[in-house]
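Note that numbering that gives the first Met the number 0 gives residue 82 to position 83 of the sequence shown, counting from 1, and the numbers run on in steps of one. We put the CB at the ideal spot given by N, CA and C, even for glycine. Note that the coordinates shown come from a computational prediction; the quantities given were computed from them, not determined experimentally. Inspection log for the structure reproduced underneath, given as structure tokens.
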Amino acid sequence: MRERFIKYKDSNECIYTIVTEIEFVNGNNCCPEPYGWINIHQDEVATTIWTQPNEGINTPKTSKLITRTDIISNTIPNQLCFSGNVKEYSYWGGEDILIDPNKQTFGTVNTVVKLRGIAKDSYVSLRYQIKLKDDD
0 MRERFIKYKD SNECIYTIVT EIEFVNGNNC CPEPYGWINI HQDEVATTIW
50 TQPNEGINTP KTSKLITRTD IISNTIPNQL CFSGNVKEYS YWGGEDILID
100 PNKQTFGTVN TVVKLRGIAK DSYVSLRYQI KLKDDD
């Protein structure tokens, strides 16, 4: 059986699914309560791959998760640019910055991409794969 994929609007563009493993790291805190957003930038388009509002004491504890995001492109991108603004909720105030919103980081498929915060031990690591989106 021949594998099929989705073409976008009768053009040469295809829809690709980006599967991203995200890990939130804040020093010795095993279960951070991250909030904010993470974007990918590709062909001058920013696409959000993760977002979580600040819900105060109800901000969920999350150390790792996997997201799936679709993009449209003529070819499989050989690298993507990531940016974000992620902080960790703190009962005592003074939230820690896990991703500095003023920085962007490039990365390739199946490599660890680190988006750094202010402190050396506060960051978010990403590992991603890109696949053609099936039309099933």
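Does residue i pass the burial test, meaning 16 or more other C-beta atoms within 10 Å, or should it be called exposed?
i: Lys119; result: exposed
i: Pro33; result: buried
i: Asp69; result: exposed
i: Arg3; result: Legend: pLDDT at Arg3 = 45, less than 50; position of this residue unreliable, no value from coordinates given.
Say the cut is 7 Å; is the CB of residue i nearer than that to a heavy atom of the ligand ZN?
i: Asn84; result: The ligand ZN is absent from the structure shown, which contains no ligand whatsoever.
On a Cα-Cα basis, can you pick out the residue from the options that is closest to residue i?
i: Asn28; options: Gln128, Asp133, Ile129, Ser121; result: Ser121
i: Asn77; options: Glu20, Tyr90, Lys132, Tyr127; result: Tyr127
i: Tyr88; options: Asn73, Val24, Lys102; result: Val24
i: Thr47; options: Gly26, Val85, Thr58; result: Val85
i: Asn101; options: Glu43, Gly116, Gly93; result: Gly116
i: Glu94; options: Thr58, Phe105, Gly106; result: Thr58
i: Gly26; options: Gly106, Ile96, Asn11, Asp133; result: Ile96
i: Thr50; options: Gly106, Asp133, Gly35; result: Gly35
Hey, residue i and residue j are a contact pair by Cβ (cut 8 Å); roughly how many whole angstroms apart?
i: Leu114; j: Ile98; result: 4 Å
i: Leu131; j: Cys13; result: 6 Å
i: Ile39; j: Phe81; result: 6 Å
Are residue i and residue j touching if we call contact CB-CB under 8 Å?
i: Arg67; j: Val18; result: yes
i: Tyr15; j: Ile75; result: yes
i: Lys63; j: Pro31; result: no
i: Gly83; j: Ile129; result: no
i: Gln41; j: Ser72; result: yes
(request) Could you tell me whether the stretch 103-114 touches the stretch 48-57, where touching means 3 or more Cβ pairs closer than 8 Å? (result) no
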